[in-house]
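Chains as they are written, first to last, in this note's numbering: chain P, 3 to 325; chain E, 26 to 430.
Even glycine gets a Cβ: it sits at the ideal position worked out from N, Cα and C.
The structure displayed is predicted, hence computed values, not measured ones.
Data block below; observations after.
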Amino acid sequence: MSDRQFTDEESVPEQGHDDVDPKGPDRESGNTREPLPDRRTFLKSAAGVLGLFAVSSCTWQEFFQKNFKQMTKEEIEGTIERLRTQYKEKYGKEFVVGAEGPIDGTLYAYGLDIQRCIGCRRCVYACVEENNQSRDPQIQYIRVLRFKRGNMDLEESTIYYNPEEVPEQGYYYMPVQCQHCANPPCTKVCPVQATWTEPDGIVVVDYNWCIGCRYCMAACPYMGRWFNFAEPVIPKDRINTQTHYLGNRPRMRNVVEKCTFCIQRVRKGKYPACVEVCPVGARKFGNLLDPDSEINRIIKTKRVFRLKEELNTQPKFYYFFAI
Amino acid sequence: MQRSGFFVRAVKTLVTGPPVYYVWVLVLLTFACVGIAAYSKQLQTGLIVTGMTGYVSWGFYIGNFTFLVGVAAAAVLLIIPAYVYQFGPIRDIVIVGEALAVSALLMCLMFVTADLGRPDRLWHLIPGWGILNLPTSLLGWDIVVLNGYLFLNLFIPGYILWKAYHNEPTNMRFITPFIILSIPWAVSIHTVTAFIYNGLAARPFWNASILAPRFLASAFCSGPALVMLLYQVVRKYTKFHVKDEALFKIAEMIAYAMAINLFLLGAEFFKELYSDTHHLSPLQYLYAGLHGKGRLVPWIWCAFAFNVAAFLIFLVPATRRNFATLNVGCVLIILGIWIEKGIGLIIPGFIPSPLGEVWEYAPTAVELLVTLGVWSLGLLILTLILKLIIPIETGELTKDARTAA
């Protein structure tokens, strides 16, 4: 059962990608948006003269914060306390910022049934809600490609479909998100190891370590990585306070983020939000190391394929045909 | 005393000059300030003020960076022909080339920093304090080779000029190994920069082995063209002497480099056009437009025309040996390579996107102004370096001599 209710089902098709600018739906207004006239912003502008520190409301501890992988337990606790205070100031709510490690004996993989997917994009919006993605500029980890029946030519596909009803006659759909490759081209190019594969197979980013060079975005063959071109905007009443350090905690501007298989959920034994919300059960998720898991059964018994297998990225994201 | 004596004289040399020098410096300073203002806006708002998007995630800054790495490399690679053809004292050639290399490198570093989302976290790149992801990240390697090259190009002329200033003979046995080391190092900075793009299987436009050789060939065109213009300015305003013959030799060499560059371009065209796979799409976008979008088409054909025209000018001895046509050729080639290796190389790498979408890119006013600022700062640095080192080199500014204005 989904723990997040979606009441705007009728409006889902209208919310489609058709007006999506790669940086957000209304970049022009984003450009000219007046900053909120609070003290922080004022100080920030003042610091703008000095240049470097204008990049964020940088506290001293934040500035010298280590890479997450190199932090001791105490340092992680201290960092999380600081982040919670920071988030409370910004969103007026108590946050949980988890740092749960991988569960022993897990290696996650994803299954997506192309035959079932109806292209409704509920996964796109559930993901935005769950993972605190910026609404302006707009970030959406999942792109649903629509193909005309008869080929799987990416150049012929589109994400800008906007019908009254889905599925449409003569088309099929293929959602694409981070494929959590076993041989990821994105992590190896990062000049500062701000992104890496966790032992449970999840490719994560330390948002506080990323220098914003965007090399990983150039390296990813699936467009699985997103950049916060401006300060992310999330309405206070839509913020999800149940977060993980390597997952859906609020991000800052000019850093890269991506799908983490909902690390804040799966490390507590829950399904990713996109799996739960899918109305046709096209999305499957499980542990590759468990021989009886659903994902293993799919890999063993169905016809599966992985996107761009010729690039040897070895995705842990399997598309399949259930029938 | 001696040390402060040098600094006083150095400052004196830098602040005295003909009116044209003051105007030039003032113009550069003004543009630099405009650039800094634009950059502070970018810092405060985020990279949204640029034309870059999730689709085209590198743009004008990285394009200029790539072009300038070529300039930095080629400025020093000129040592080889200078040595082979005996242009004159190799020392002189080295010094001006290295001054250009230093300025180009500083511009490279400024462009990369301007492109960075979080310049406040630059320290994450410092090994020991931060984490430099070696050996896997080519960007990490680029930082190593660029900084090493910057060190070499500061150290070599620094040593030579220090000796000249103190009227002591240069110990060539000490400095020659460094000069020789700087040659493969120059090749390495451009090769590693090519590999940054080359290694990405997600981007078929870059993922071709021809990329690094083409980088070097085109660098051998644009860098020496800049050096030729620079030599002419320098010998007009200072007592520094460069033989005409040396300039004509450089022009001839550019013709050969351009021939190789055009040949490699042809090879690229053949492979993509004849095999006619989806890998053709970026090239098609660049030269003909794709899905009705082709913002770069006029630019790249301009670059092509410039390169071919410059090739002919430098190939024919009559036009090569005439300063009017020679300088036209230099300007054409600098613009041509700047387009080809700047936006012409970076943008099509992202178009179409790995999922097949065509999202175009155009730099915004902020990007153009920041770029203008970086170029102005770079030229300012170059001007000041030359203003200081040429009197030392020609013996006008030494420990004993009176400072010549």
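Proximity of residue i and residue j at Cβ, strictly below 8 Å
i: E/I364; j: E/W324; result: yes
i: P/F307; j: P/H182; result: no
i: E/H149; j: P/W211; result: yes
i: P/D115; j: P/A324; result: yes
i: E/G398; j: E/F56; result: yes
i: E/L315; j: E/S306; result: yes
i: E/R346; j: E/F339; result: no
i: P/E363; j: P/N256; result: As shown, chain P starts at 3 and ends at 325. That puts residue 363 of chain P outside it, with no answer to give.
i: E/L422; j: E/Y184; result: no
i: P/T315; j: P/F97; result: no
i: E/F245; j: E/G374; result: no
i: P/K71; j: P/G203; result: no
i: E/G76; j: P/F231; result: no
i: P/E200; j: P/P104; result: yes
Below-8 Å beta-carbon distance, residue i vs any chain E residue
i: P/S159; result: yes
i: P/M73; result: no
i: P/W62; result: no
i: P/R41; result: The predicted position of P/R41 is uncertain, since its pLDDT is 48 and thus under 50; a value taken from the coordinates is nonetheless stated next. No, no contact with chain E.
i: P/A221; result: yes
i: P/G53; result: Confidence is the limiting factor: at P/G53 the pLDDT is only 48, short of 50, which leaves the residue's position unreliable, though a coordinate-based value still follows. Closer than 8 Å to some Cβ of chain E, the Cβ of P/G53 qualifies, so yes.
i: P/P193; result: yes
i: P/P274; result: no
i: P/V126; result: no
i: P/E296; result: no
Burial state of residue i, where buried means 16 or more other Cβ atoms lie within 10 Å
i: E/H303; result: exposed
i: P/Q63; result: exposed
i: E/C133; result: buried
i: P/Y163; result: buried
i: P/Q140; result: buried
i: E/W187; result: exposed
i: E/F199; result: exposed
i: E/R34; result: buried
i: P/C161; result: Per the sequence shown, the amino acid found at residue 161 of chain P is Ile instead of Cys. That one is buried.
i: E/L67; result: In the sequence under discussion, the amino acid at residue 67 of chain E is Gln, which differs from the Leu named in the question. With 16 or more other Cβ atoms within 10 Å, it is buried.
Chain-order list of residues whose beta-carbon lies under 7 Å from that of residue i (same chain, five-residue window excluded)
i: P/E296; result: K286, G288
i: E/R320; result: E385, A387
i: E/G122; result: A100, V101, L103, I104, V252
i: E/L516; result: This structure cannot speak to residue 516 of chain E, because chain E is shown only from 26 to 430.
i: E/V259; result: V121, F265, L411, I415
i: E/A63; result: V391, L394, V395, G398
i: E/A282; result: A242, F245, C246
Beta carbon proximity, residue i to chain A, threshold 8 Å
i: P/G214; result: Although the question refers to chain A, the structure presented lacks it and instead comprises the protein chains P and E.
Within-8 Å CB hit, residue i to chain P
i: E/G122; result: no
i: E/P106; result: no
i: E/I156; result: yes
i: E/D301; result: no
i: E/E146; result: Reading the sequence as shown, one finds Arg at residue 146 of chain E and not Glu. Interface residue, yes.
i: E/S234; result: no
i: E/A226; result: yes
i: E/I214; result: no
i: E/R239; result: no
i: E/T70; result: yes
i: E/H304; result: no
i: E/R434; result: With chain E running from 26 to 430 in the structure shown, residue 434 of chain E is simply not present.
i: E/I372; result: no
i: E/I414; result: no
i: E/H266; result: no
i: E/P377; result: yes
i: E/S14; result: Given that chain E is displayed from residue 26 to residue 430, the structure contains no residue 14 of chain E and the question cannot be resolved.
i: E/L308; result: no
Same chain, Cβ closer than 6 Å to residue i, neighbours up to 5 away in sequence not counted
i: P/V277; result: R285, F287
i: E/A124; result: I410, L411
i: P/S143; result: One point to set straight first is that residue 143 of chain P is Tyr, not Ser, in the sequence displayed. C129, Q179, C261, listed in sequence order.
i: P/R145; result: I161, V178
Same chain only: Cβ atoms within 8 Å of residue i, ignoring 5 sequence neighbours per side
i: P/I213; result: P193, V194, A196
i: P/Y320; result: A111, Y112, G113, L114, I297, I300, I301, V306, F307, R308
**Prompt:** Any chance the stretch 213-230 of chain P sits against the stretch 179-196 of chain P, with 3 or more Cβ pairs inside 8 Å?
**Reply:** Contact check between the stretch 213-230 of chain P and the stretch 179-196 of chain P: three or more CB pairs, one atom from each, fall below 8 Å, which counts as touching.
**Message:** Count Cβ pairs between the stretch 346-355 of chain E and the stretch 117-129 of chain P that sit closer than 8 Å; are there 3 or more?
**Reply:** No: fewer than three Cβ pairs fall under 8 Å.
**Request:** Examine the Cβ distances between the stretch 271-285 of chain E and the stretch 241-260 of chain E and report whether three or more of them are shorter than 8 Å.
**Result:** Yes, the stretch 271-285 of chain E touches the stretch 241-260 of chain E.
**Prompt:** Quick check: the stretch 175-187 of chain E against the stretch 195-208 of chain E, are there 3 or more CB pairs under 8 Å?
**Reply:** At 8 Å Cβ cutoff, the stretches touch.
**Prompt:** Contact between the stretch 51-70 of chain E and the stretch 400-416 of chain E: three or more CB pairs below 8 Å?
**Reply:** Output reads yes: the stretch 400-416 of chain E touches the stretch 51-70 of chain E.
**Prompt:** Three or more beta-carbon pairs under 8 Å between the stretch 212-221 of chain E and the stretch 233-250 of chain E, yes or no?
**Reply:** Yes: the two stretches touch, three or more of their Cβ pairs being nearer than 8 Å.
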